[in-house]
Every structure is written in structure tokens, then in C-alpha cells.
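The first sequence begins at 0 in numbering that gives the first Met the number 0 and counts up one residue at a time.
Glycine is no exception: its CB is placed at the ideal position from the N, C-alpha and C atoms.
It should be emphasised that the depicted structure is a prediction, and the values quoted were computed from it without experimental measurement.
Single-structure report; data block below.
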Amino acid sequence: MSFQAPRGTRDFLPESMAVRRHVEGAWRKASIDFGFEEVDGPTFEHVELYTVKSGEGIVNELFSFKRSGGSDTYALRPEFTPTLARMLAAAGGSLPLPVKWFTIPTLFRAERPQRGRLREFVQWNVDVVGIDSPAADVETMAVAAAALDRLGLRPKDVQLRISHRGAVAGLLEALGVPAERHGAAFELLDRRDRLEPEEYRRRRDALLGGTGAGAEAARRLDELLRRTIPVAELDARAGALGLPETALEPLRAIAAELRAADLAPWASFDFGIVRGLAYYTGVVFEIHEATGAERAVAGGGRYDGLVELFGGPRMPAVGFGMGDVVLGLLLEERGLLGGEGGRAALLPRPDAFVISAGSEADLRLRAVVSELRRAGLHARHSYRTTRNVGKLLGEASRCRSRCAVILGAELGAGLVALKDLGGGEQRLVPVGDVVAEVRRLAQRSE
RNA sequence: GAGACCGUAGCUCAGUUGGCAGAGCACCGGAUUGUGGUUCCGGCCGUCGCGGGUUCAAAUCCCGUCGGUCUCCCCA
């Protein structure tokens, strides 16, 4: 009998677990620095929580189940937003606004795994609830950028691509597309890169057909979709691109906030960013590898109607999700996971590795290790039987211990050898000073 | 849900027209019974993913299945 892990899941051995904690640490640190508080909810919910927002079709993408003998159907959470909306709706008006929450849940989706997509993954969610302003929109983008920056990614590596439902609607109006065709237009914007050029042109012309200025409108639409607009160039290029004031106004407000947050180099406007506009109501954004090579690293936007949909008061809200899978691929590819030491460099480093060099020293080894641990230091020792100090020092340096404490013949005089494994210097210290000396060495090599 | 490629030691992989399952790395021991990443010597390491079929003989060919990778679909 042999067992394999279920399709699309991962085992986290120490090195991959260290990578995961490294990423989660950057997420958590950025969240807290920006004033967000951590929350969580159940790992499974009533399946209806997901069908309310996304329709019955979503059931095929869920891991759902009934308790044996029970009648309720549950589903492992495929996203956190419905849980968040449920929590906010349940709290009603009792929470002081704005609510600034973040969470790092494990999510489950019953999809066929492929590059950048698994069936179980970790996703960082950040939301600002209760404020409808470009400042709140940009604050969520800023916290995302801060986490990526902390992980070593720069604007040359990742780019925020921003669109706005209101702005795109204004643009479509200006092109002569009536409101009832905006849904089809959004789908076309979303799929433009995946359609054959001919198919794109056919659908575009059908969309713009009967507007009189069809050819001119098509040219302007293509021009707008062809390239992204850097934040700094929005005003300069607005005229040439034929952006109407209704589209420009919300983008200008976001651009001003991006500049204020020093995020202009990270961001550009891109009307091809559509996402699930079914419930997004304002700004929408994605974070992509700079050349667009991978699937989106993060995605989010404003969803002012969602809390109301789950039975709460109407609350403006903006937020995003960032998964660990695509981000992990990107960090790996850029050599940002532990640097030259590889992933092992992300593992916790022992402060001291205690070595016994004789049978009388064996009796003291556990006491010294215990004393170091009681003092809050990371102390290890070998489980091997060899007395070969060279081999034991090898073991100490392989686990990247900051120093080695060698217990030997000098114990008779109340002394132990303390070796700095970084520089190699070694000296005798009184056994009673070991904790203080190890702590001093460890702090110096931080 | 549909398709393509892949699965051999802990890891990376080789294995020719079907003919005794291999290498490097890693690991363990020794050289060196008290000083670390080098070197040398030695050792350990297999359900060739799993099941079935063809054959005197299958890691190799065929069928099925599980898993991985990638694409379509979808992407909250």
C-alpha cells in the first residue's frame, strides 16, 4: 500500500516551509506596518455562501461535502471575501470604521492544476472597509507593493496595472457603446489577448457597429488597449488618446494618490484589466510580472455592494488577494529565495552548536544545551556517536550555527572553548559565562 | 470537462534494435581517538509510479490507472 498526496497539493518539508514563512512574514509585516489587523474565519462554510455571489456554476470549482447523515452542504473556502462580507454583515454597524483587516488563509479550488495554480494554496487578503476614496484604493495597492519590495521585488520586476470600472464605462460611452453592451465590452477587453486577431476584430466591430463613427472608434479603442499608460503620462497622453473627462477624472484622482504614496514607478493604467467586474464597482487592479510572463501575482478592486449582498449594511470596500504560488515562482526565478545559500538560508540559524569532545564532557552536554535554551537561545547538539571534533564542527557549520561550544578537557578548570563559526576565532571562556558569550556572538553576527 | 508530454536510488538523470538496472550528487564510516565546507579510500541506496497484456525474456512494446508538468476552459 502506498499513498500519494492529492492532486494539486503540496508537502512542505523544512526548506519549503521556510520559504512559505518568509513570504508570509513579509505579508504580515507590511500589513501591520500599514495599520491592518489580522483576522481569520472558518476553513469551510455553507456552500450557499459561495453560490450567492458567484452563482451555481461555482459549485463545480468547489470541494464540497455533506456530513455523513447530515443535510447541509459545506464547501472548503475557495476565497476569503464571502467570509469577510459575512463577518462584516454579522457585525452590522457595531465596528468602528474604517475596518482595516488582513488575513492569510489557505484556500481550496477544485481546478486542474497548472503553472501558477494549485488546488490548495495560501492567499494574503487585505481590505479597507468603510471608506470610499482613492486614498483607500491606493493604500491597498501600497501595502501590496510594500510586501513585494520587502521580498526584494522592484518596479522592474513587478507592475501594478490599474483600471477603473467607471472610467472604462465613460470611455465606452464616448466611443458610442450603449450601457447595455458594456458587459460584452468588458468581456472583450478581458479576452483580447487570448482571441485570434481576426476574432478580436470581428467582436470589436460588432460591439462598435451602428455607432456611425465605427472605424474611428475602432482605431481609438485599439490604441487604448495596445499599451499601458504610465502614471506620470496620464495627463500628457489623455488628449491624444481621446479620453473623455468622465474617464479621466477617477484616473487623475488615483494618479495623484499614487504619486503621493511614491508608487508612480510601480504602476500604470491598463484598460485590459477587467477581473470579475460583476461585483467590482470602481477601481480594479492586478499585479503582474513586469513583462507579463506569469499569471497575475495579485488582483483586487473596489466592491461597494458586496457586504450588502450578504445581508449587512451598505459598506464601501476595497481589497485584494495575493497568492503564494505565482509569487513563489517569481521569487525563485529572480533568485530571491535565500540568495547564494539557497532555500536553506531561510531556515532558522542555531545560535550555538554544543560539541562534546570526551566522555566526561558528555555528562555536561545536556546541561549546557538546556541552559542555552532556557535563556531563549537556539541551541543544538549532535546525535552522532563520533568523537571526531572535525566531523562535529562540520555538522555545526552545515546547519549554519553561529558558533560552536566545545566541551573538553578544559572543563576540569571550569572552561569551555567558544568558536565563532563565521570568522573562525576560538577562545576559552568560563563555563558559567557561556550563555552571555553566545548571546554576544549571536547578536554580533545578526 | 478536453488535449500533449513525462514518471528509473533521498536528489538530478543515463539506460542503444526488448537481453544481468547504472552514474554524479547527497548520506554514513575511515584516513584524522581535539578543530569546520577541500582531498582520498570504503560503504549504504531500487515494487524502474501502480495494475494488466504481448514475449523465451519488458525499465524498454501495448492497454488501463494514479501522479507530475504544460495548454484549452475557468480564474472568485
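Taking all protein chains shown into account, decide if residue i is buried (16 or more other Cβ within 10 angstroms of its Cβ) or exposed.
i, result
"G291", "exposed"
"P81", "buried"
"F11", "exposed"
"A246", "buried"
"Q122", "buried"
"L96", "exposed"
"K418", "buried"
"E256", "buried"
"P177", "exposed"
"G300", "buried"
"I31", "exposed"
"E359", "exposed"
"A277", "exposed"
"R114", "exposed"
"R118", "buried"
"L362", "exposed"
"E138", "buried"
"P349", "buried"
"R443", "exposed"
"S400", "buried"
Look up residue i in the DSSP assignment and say whether it is helix, strand or coil.
i, result
"Q158", "strand"
"M0", "At M0, the pLDDT of 41 sits below 50, so the modelled position is not reliable and the matter cannot be decided from this model."
"S67", "coil"
"V437", "helix"
"M314", "coil"
"F319", "strand"
"S132", "coil"
"D192", "coil"
"V46", "coil"
"G54", "coil"
"E138", "helix"
"G7", "coil"
"G291", "coil"
"D432", "helix"
"F185", "helix"
"R301", "strand"
"V296", "coil"
"D126", "strand"
"V38", "coil"
Starting from residue i, trace the beta strand (DSSP E) in both directions and tell me its first and last residue.
i, result
"G334", "Here G334 belongs to no beta strand (DSSP E), and DSSP marks it neither H nor E."
"I286", "282–288"
What span of residues does the alpha helix (DSSP H) with residue i cover, start to end?
i, result
"L170", "164–173"
"E179", "First-last for E179: undefined, no H or E at that position."
"E60", "First-last for E60: undefined, no H or E at that position."
"G151", "Looking at the DSSP string, G151 is not in any alpha helix (DSSP H), and its letter there is neither H nor E."
"R27", "13–32"
Whole beta strand (DSSP E) elements within the region 69–115, 3-residue minimum: You should have 72–75, 98–102, 105–107.
Are the region 169–189 and the region 144–151 in contact at 8 Å, needing three or more beta carbon pairs? With contact defined as three or more Cβ pairs closer than 8 Å, the region 169–189 and the region 144–151 are not in contact.
With a threshold of 8 Å, are at least 3 pairs of Cβ atoms found where one atom belongs to the region 3–21 and the other to the region 68–77? With a cut-off of 8 Å, the region 68–77 and the region 3–21 do not count as touching, because too few Cβ pairs lie within range.
Minimum length 3: unbroken beta strand (DSSP E) runs contained in the region 340–426: List check, beta strand (DSSP E) in window: 351–355, 378–380, 402–406, 414–419.
What beta strand (DSSP E) runs, 3 residues minimum, are completely inside the region 208–277? The qualifying runs are 266–268.
For the 8 Å Cβ check, are there 3 or more pairs between the region 122–131 and the region 307–327? Judged by pairs of C-beta atoms under 8 Å, the region 122–131 touches the region 307–327, as three or more such pairs exist.
Any chance the region 271–285 sits against the region 163–173, with 3 or more Cβ pairs inside 8 Å? By the Cβ test, the region 271–285 is in contact with the region 163–173, since at least three Cβ pairs between them sit closer than 8 Å.
Is the region 412–429 close to the region 376–387, with three or more CB pairs under 8 Å? The region 412–429, when compared against the region 376–387, does not touch it at the 8 Å Cβ threshold.
When the Cβ atoms of the region 344–361 are set against those of the region 394–413, are three or more pairs found closer than 8 Å? Touching, per the Cβ criterion.
Spell out a yes or no on whether the region 252–269 and the region 224–235 are touching, meaning 3 or more CB-CB pairs, one atom from each, closer than 8 Å. Between the region 252–269 and the region 224–235, the count of Cβ pairs shorter than 8 Å is three or higher; the stretches touch.
Just checking, does the region 200–208 make contact with the region 128–145 on the three C-beta pairs under 8 Å criterion? Short answer: they don't touch.
Should the region 431–439 be regarded as contacting the region 364–384, the criterion being three or more beta carbon pairs within less than 8 Å? Judged by Cβ distances under 8 Å, the region 431–439 makes contact with the region 364–384, as three or more pairs qualify.
Touching or not, the region 58–72 and the region 89–104, by the rule of three or more beta carbon pairs under 8 Å? Inter-segment contact for the region 58–72 and the region 89–104 is absent: fewer than three beta-carbon pairs are separated by less than 8 Å.
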